[in-house]
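Read the structure below first, then the notes.
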Amino acid sequence: ADRFIKQYPNNPHVDYAYYLKGLANFNADIGMFGIAAGQDPTERDPKAAQDSFDAFKDLVTRFPGSKYAPDSKLRMQYLINSLAQYDIHVAGYYLRRGAHIAAVNRAKDVLTQFPNSTATQDALLILVQGYDAMGMKELRDDAQRVLDMNFPQHKSPPK
Numbered sequence: 001a002d003r004f005i006k007q008y009p010n011n012p013h014v015d016y017a018y019y020l021k022g023l024a025n026f027n028a029d030i031g032m033f034g035i036a037a038g039q040d041p042t043e044r045d046p047k048a049a050q051d052s053f054d055a056f057k058d059l060v061t062r063f064p065g066s067k068y069a070p071d072s073k074l075r076m077q078y079l080i081n082s083l084a085q086y087d088i089h090v091a092g093y094y095l096r097r098g099a100h101i102a103a104v105n106r107a108k109d110v111l112t113q114f115p116n117s118t119a120t121q122d123a124l125l126i127l128v129q130g131y132d133a134m135g136m137k138e139l140r141d142d143a144q145r146v147l148d149m150n151f152p153q154h155k156s157p158p159k
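Residue numbering for the sequence shown follows this note's numbering, starting at 1 and increasing by one per position.
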């Protein structure tokens, strides 16, 4: 796909090459055995997902009227959620290991880089837990207020 894009950048079907480039990396890192074993792709290295996202983003940006753009946008949203969930896995690991600053920083990254992802609630929970573990009560309370306001169905543990 890259070679075709380089050699024929003005081809009327170059949008398909971008689409194929995105599809090639979409679930590249999990493979058939991972799918059969039910492995969670958000626990794997996010390089292929990021490459796939970048290819779909190029397609949507360069060819917004392409017939592949709507599917690419859906796949991009899925990839955003996957990349955010990967960061949540890492932040949870940091939290379990007592690396509270690293956990809080990773959760903040999720909130800034992926603000509309499905991992927002988890990121806020990690912020609350991390700040609480570090004794930063004001920041913990702020994060808790944001969590309660945006996710009212969430039940906070008693303090």
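Idealized CB from N, CA, C, for every residue including glycine.
- If the five residues before and after F63 are omitted, its C-beta is found closer than 6 Å to the C-beta atoms of D15, all from its own chain and listed in chain order.
- By the Cβ test, the segment 2 to 18 is not in contact with the segment 45 to 54, since fewer than three Cβ pairs between them sit closer than 8 Å.
- One thing to note: F53 has its Cβ no nearer than 7 Å to the Cβ of S72.
- Taken atom to atom, the span from the alpha-carbon of D142 to that of L124 is near 10 Å.
- Distance check between V104 and each of D132, H154, K21, S117 places D132 closest, using alpha-carbon atoms only.
- Less than 7 Å divides the Cβ of R140 from the Cβ of V128.
- The C-alpha of T112 lies about 29 Å from the C-alpha of L20.
- One Cα belongs to I101, the other to K6, and the distance between them is close to 44 Å.
- Under the three-state reduction of DSSP output, D87 falls in the helix class.
- Excluding sequence positions up to five before and after F4, its CB lies within less than 6 Å of the CB of A17, all in the same chain and listed in chain order.
- Taking G130 as reference, the option from V110, N116, N11, R96 with the minimal CA-CA separation is R96.
- A24 and M134 have their C-alpha atoms roughly 43 Å apart.
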